[in-house]
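Asker:
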Amino acid sequence: MEQLRTIFEMFGGIRPMARSLGQSPSNISAWKRVGRIPSEKQPHVLAVGFKLGLPITAEHVVFPLGRPHAADADLPPLDERVFCDRQSASQRPEAAEPKI
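So for the sequence shown, numbering that gives the first Met the number 0 puts the first residue at 0; every next one is plus one.
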């Protein structure tokens, strides 16, 4: 998925984004400069974007300047399910006892 606009452009620029989020323009400018939104701010940014009716997704918040092109080939398709075994066999209590 290639983003056509950055999240900063979707909010209308640094100052409008700062007003909408209740942040200082210098904070938003720093986010843009480093190319990331702090993880603790990401849910708020997404919620405000939805409230304003902006067509943003979690991807826009995680990759505010767009997804790096090199990562496109390494990431699985978005619709592919991933299942995690929360406790691998070597971590289960019965695995701690040596078998004789």
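Where a beta carbon is used, it is the ideal one built from N, C-alpha and C, also for glycine.
Return helix, strand or coil for Gln22, following the three-state DSSP convention.
Answerer: Coil at Gln22, not helix or strand.
Asker: Whole angstroms is fine: what's the gap from Pro15's alpha carbon to Pro67's?
Answerer: If I take the Cα positions, the gap works out to 25 Å.
Asker: Run through the stretch 7–65 for me and flag every whole alpha helix (DSSP H) of 4 or more residues, listed as ranges in chain order.
Answerer: Listed in chain order, they are 13–20, 24–33, 41–50 and 57–61.
Asker: Quick one, which of Ala29, Gly52 and Arg4 has its alpha-carbon nearest Ser19's?
Answerer: Of the listed residues, the one whose Cα sits closest to Ser19 is Gly52.
Asker: Buried or exposed: where does Gly48 fall if 16 or more other Cβ atoms within 10 Å of its Cβ makes it buried?
Answerer: By the 10 Å Cβ count, Gly48 comes out buried.
Asker: If you check the beta carbons only, do Ile55 and Ile13 fall under 8 Å apart?
Answerer: Against a cut-off of 8 Å, the Cβ pair of Ile13 and Ile55 comes out as no contact.
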